[in-house]
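Here our numbering is used: the first residue of the sequence shown is 284, the next is one more, and so on.
Using N, Cα and C, we set each Cβ at its ideal position, and we do this for glycine too.
Notes to accompany the following structure.
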Amino acid sequence: MNNQMNSRRSYFAIQPDLPGQASITLHYQDEKGEIYLGPHVRLSGLAGMAHIESKELAEQFAEACAPRLQKRYGKETRLNVVEWSATSNNKLDLRIKNDSEIIKKRLATRNLAPNKPVQD
């Protein structure tokens, strides 16, 4: 049996703690406690959450995004870094790599506006 098939991969995500309710489009996820920050600085459900390669990068991204989200959702908004673990596969590895690259570019350029694309 191939050990690669059973290996686990850890990655990190950012889960906001909002003082009020999220927008109506995220009402269902908000009720279930499944709102996360995406790589494009938008709140989303599980499908859109950023898969981040390291805790350090997740903490940097959370710190950089906090003022913007506090302005939007209230000063009591907190961003919590949470660890995930899943069976490693090519799709997951590619998602972690791509999301982490987007986040690194956003941090390097200080481009945290959701409506502005990331430039190389």
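Next on the checklist: When you compare the CB positions of Ala349 and Arg389, do they come within less than 9 Å of one another, or not?
Outcome noted: Along the sequence shown, read from residue 1 onward, the residue named residue 349 stands at position 66. Along the sequence shown, read from residue 1 onward, the residue named residue 389 stands at position 106. No, these two residues do not count as a Cβ contact at 9 Å.
Next on the checklist: Tell me which residues share the same chain as Ser327 and place their Cβ nearer than 7 Å to its Cβ, disregarding the 5 neighbours each side in the sequence.
Outcome noted: For this step, residue 327 is matched to residue 44 along the sequence shown. Tyr319 and Gly321, listed in sequence order.
Next on the checklist: Is the separation between the beta-carbon of Ala333 and that of Ile385 shorter than 9 Å?
Outcome noted: Counted from its first residue, the sequence shown places residue 333 at position 50. Counted from its first residue, the sequence shown places residue 385 at position 102. Against a cut-off of 9 Å, the Cβ pair of Ile385 and Ala333 comes out as a contact.
Checklist entry - Taking Arg355 as the reference, which of Gln298, Phe295, Ser293 and Gly303 has the closest Cα? => result Mapped onto the sequence shown, residue 355 falls at position 72. Of Gln298, Phe295, Ser293 and Gly303, the residue nearest in Cα terms is Gly303.
Next on the checklist: Tell me the DSSP secondary structure of Leu301 in three-state form.
Outcome noted: Numbered from its first residue, the sequence shown carries residue 301 at position 18. It is coil, neither helix nor strand.
Next on the checklist: Looking only at its chain, what residues have a beta carbon closer than 6 Å to the beta carbon of Val324, apart from the 5 residues adjacent to it on each side?
Outcome noted: The residue you call residue 324 lines up with position 41 of the sequence shown. Only Cys348, Leu395 and Pro397 meet the Cβ criterion.
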